[in-house]
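Report on the following structure.
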Amino acid sequence: DYDFHVRWPTVKLLTVLLTNRQKELQEIILVIPMGVSRLMDLLSDSREIIRNDALLLLNQLTKGHANIQKIVAFENAFERILDIIRDEGATDGGIVVEDCLLLLYNLLRNNTSNQNFFKEGSYIQKLKTFFLLDEESHSKQGWSAQKVTNMHLLLQLVRILVSPNNPQNQTVSCQKVMNQCGLLQDLCSMLMASGVPADVLTETINTVAEVIRGSHHNQEYFASVLAPSTPPRPAIVVLLMSMVNEKQPFVLRCAVLYCFQSFLYKNELGQSQIIQTLLPTAADANSITAGQLLCGGLFSADPLSNWFAAVALLHAIIENSTQKEQLLRVQLATSLGSPPVSLLQQCCNMLSQGGKLQTRIGLLMILCAWLADCPIAVSHFLNNTANVPYLISQVSSSEGDEHEAIIQGLCAFLLGICMLYNDDSSKTFSKSSLKQIIQNRIGLESFTDKLMQVAQNENYTRAAKKPHMNYKHPSEIVFDYEFTRLFKGLESEVMRAVSGKGSSISERKAADTSIEEFKHVLREQEENVQSLRHRVEELENLNLGADRTIADLRSQVQQLKDQNSLLKAQK
151 DYDFHVRWPT VKLLTVLLTN RQKELQEIIL VIPMGVSRLM DLLSDSREII RNDALLLLNQ
211 LTKGHANIQK IVAFENAFER ILDIIRDEGA TDGGIVVEDC LLLLYNLLRN NTSNQNFFKE
271 GSYIQKLKTF FLLDEESHSK QGWSAQKVTN MHLLLQLVRI LVSPNNPQNQ TVSCQKVMNQ
331 CGLLQDLCSM LMASGVPADV LTETINTVAE VIRGSHHNQE YFASVLAPST PPRPAIVVLL
391 MSMVNEKQPF VLRCAVLYCF QSFLYKNELG QSQIIQTLLP TAADANSITA GQLLCGGLFS
451 ADPLSNWFAA VALLHAIIEN STQKEQLLRV QLATSLGSPP VSLLQQCCNM LSQGGKLQTR
511 IGLLMILCAW LADCPIAVSH FLNNTANVPY LISQVSSSEG DEHEAIIQGL CAFLLGICML
571 YNDDSSKTFS KSSLKQIIQN RIGLESFTDK LMQVAQNENY TRAAKKPHMN YKHPSEIVFD
631 YEFTRLFKGL ESEVMRAVSG KGSSISERKA ADTSIEEFKH VLREQEENVQ SLRHRVEELE
691 NLNLGADRTI ADLRSQVQQL KDQNSLLKAQ K
């Protein structure tokens, strides 16, 4: 019924019912012929109040229901919603823009089919137009609370499309489009723009992180971005300055680390570029490099900066033997007149001095990652005869709270790695002598208990869930995601090596090769499964379309029957 006094209250009534009895009403509307289509038609109503309330209705209707989300998307929802956003002033618009963005969020979140439809329909290119900032007017007038909300939602839409939790092929294809259409470039411009509120900047950094994560082309572009400073500095350097600055907001610093990790993820060239900035070079001594900032952060008086810098360095060498060996060449000037100290030894010295929990955990994580699968780094570590006794004293200690248990467990893990990747070049601490020391000084049972406490810690469980660090308070920062993967991969090997059921490095290398081959087969099978899933989704969509057509035809047949009965009665 087009009558305003009927249609508008009906929209309100349905919205209230959906708010309070969502599941039941969703199922009822789903089976009504043309039910969803009629509600979608409300978006074309010329009366704004009905259209605006229809957005609220559709937001409730689409929550957590994949089939309804698909039907709404196939009713040309993306086109209609993006048109309303544009007509309402994009991010400068009011509450209606927010409702439109929330509806898009509902339609795309955890819905691979709709995400694919959004990409294939070239809607990512249309999102791009909403990111253009008029810097001059913003720096003069500032951002309204509504604009901040709108921009947050817009950034979250981009993140939904490139989330690390999506199927890999889906994320990769969206990342490619975002680079080709210039969306990545616009996001990087926002990163470097002046006057952007801190919370929007934080979300922009997280968004850039996921647009570049694991995509070589996007990572290369990001490495080339320069900040508009005098002289111009790489964006990476400017971001790292914020990360190791304790005066910056905590969530912003977390976002920078996530962005840096994403830049280095599966990026051997990027890892090499970062490590190069730590090595002796003939470059301009006055220019600030990523390496200088990371070293400064690693040895600063701020425990959080220590942790951030340690984890950033960990990501520059993880699964990269070449860069682990290169990092051994890094020498640090200590005090005037004293000989330089290697970075490895300085980390060990700092660890032995005690310090705050986050400082020690950060140092232990980088040492474990550095020595893992790198016998030459293990040899360098063992050559300083003070290192092993320190680890033994930590692991054999029976004192301490939950935090000390983490330190003891990580020290046990580092000791195990020294055994596992020991090439017997150290006379004092060969593989067999280390094994004897652990068994006699600590005891197998105690060593195993300490090691197992790491993975049992709730902070470990939380960090292992996903790469993005969604922390609100500095005290929540304990473990790094990549470190949890390293620990999970080596924990049982360390236990086997220490208990005497270990294998040689050459045997492990052969086993690793077999595992890699098996992983390759698994990856191929996963890709096949993904393509079959897409096919199933396509067929489901066709089936949905057919079901709706049948429902429409049934409705028409029923109407004809009713008309026929009426005519008969009139006769």
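Just so we're aligned, residue 151 is where the sequence shown starts under the working numbering, counting upward by one.
C-beta: ideal position from N, C-alpha, C; glycine also.
Computed from a predicted structure; not experimentally measured.
Whole-angstrom C-beta distance between valine 648 and phenylalanine 579, which should lie under 8 Å
At roughly 14 Å, the Cβ-Cβ gap does not stay under 8 Å, so phenylalanine 579 and valine 648 are not in contact.
Would you kindly report the start and end of the unbroken alpha helix (DSSP H) that includes serine 642?
631–649
Pick from Thr439, Thr427, Leu311, Leu454 that is closest to threonine 262, judged by C-alpha positions:
Leu311
Through-space distance from isoleucine 438 to leucine 482, alpha-carbon basis
16 Å
Roughly how many angstroms lie between the CA atoms of leucine 767 and threonine 321, to the nearest whole one?
Given a span of 151 to 721 for the chain in the structure shown, any question on residue 767 remains unanswerable.
From what residue to what residue does the alpha helix (DSSP H) around arginine 403 run?
400–414
Would you give the residue range spanned by the alpha helix (DSSP H) that alanine 527 belongs to?
525–533
Three-state secondary structure assigned by DSSP to proline 159:
helix
Which partner residues of proline 384 appear in the DSSP bridge assignment?
Leu376
Straight-line CA distance for leucine 175 to tyrosine 255?
21 Å
Pair every Cβ in the segment 560–577 with every Cβ in the segment 524–538, then say whether three or more of these pairs are closer than 8 Å.
yes
Can you check whether the CB of leucine 407 is closer than 8 Å to the CB of valine 461?
yes
Run the CB neighbour count on threonine 634, radius 10 Å, all protein chains shown included, and call it buried at 16 or more, exposed below.
buried
My understanding is that alanine 613 touches glutamate 641, with C-beta atoms under 8 Å, so please give their C-beta distance in whole angstroms.
Actually they are not in contact, since the Cβ atoms of alanine 613 and glutamate 641 sit about 15 Å apart, beyond 8 Å.
Out of Lys173, Leu716, Leu283, Ala405, which has the shortest C-alpha to C-alpha gap to threonine 354?
Ala405
Please classify lysine 711 as buried or exposed, where buried requires at least 16 neighbouring CB atoms within 10 angstroms.
exposed
For glutamine 481, list the residues DSSP reports as bridge partners.
Ser492
Using the three-state DSSP reduction, which class does tryptophan 520 fall into: helix, strand or coil?
helix
Only counting runs of 4 or more residues, tell me where the alpha helix (DSSP H) segments fall wholly within the segment 274–316, in order along the chain.
285–291, 295–311
Please report the Cβ distance between isoleucine 362 and alanine 440, rounded to the nearest whole angstrom; I am assuming they are in contact, meaning their Cβ atoms lie under 8 Å.
Contact doesn't hold; Cβ gap of about 16 Å is too wide.
Inspect the beta-carbon positions of glutamate 370 and serine 412 and report whether they are closer than 8 Å.
no
Take the Cβ of proline 384 as the centre, count every other Cβ of all protein chains shown within 10 Å, and call the residue buried at 16 or more, exposed below.
buried
Reference lysine 474; option with closest CA among Ser422, Met500, Asn456, Glu687
Ser422
Cα-Cα separation between leucine 493 and threonine 279, rounded to whole angstroms
47 Å
Under 8 Å between C-beta atoms of isoleucine 234 and tryptophan 457:
no
Assign glycine 639 to one of two classes, buried (16 or more other C-beta atoms within 10 Å of its C-beta) or exposed (fewer than that).
exposed
DSSP-derived helix/strand/coil call for valine 628:
coil
Going by CA-CA distance only, name the one from Ala373, Leu501, Cys409 that's closest to glutamine 544.
Leu501
Between the C-alpha atoms of cysteine 524 and glutamate 469, what's the straight-line distance to the nearest angstrom?
10 Å
Assuming lysine 173 is part of the alpha helix (DSSP H), what are its boundary residues?
172–181
Counting only runs of 4+ residues fully inside the segment 532–575, write out the alpha helix (DSSP H) ranges in chain order.
537–546, 552–570
Is isoleucine 178 close to chain D, meaning its C-beta is less than 8 Å from at least one C-beta of that chain?
Protein chains in the displayed structure number just one, and chain D is not present.
Nearest neighbour of glycine 695, chosen from Arg479, Asp249, Met184, Leu251 [CA to CA]:
Met184
With respect to the alpha helix (DSSP H) encompassing aspartate 237, which residues constitute its N-terminal and C-terminal limits?
227–237
Starting from the C-beta of serine 208, find all residues in its chain whose C-beta is less than 6 Å away, skip the five residues before and the five after it, and write them out in chain order.
The residue asked about is misnamed: residue 208 is leucine in this sequence, not serine. Only Leu253 meet the Cβ criterion.
Tell me whether leucine 168 is buried or exposed, calling it buried when 16 or more other Cβ atoms sit within 10 Å of its Cβ.
buried
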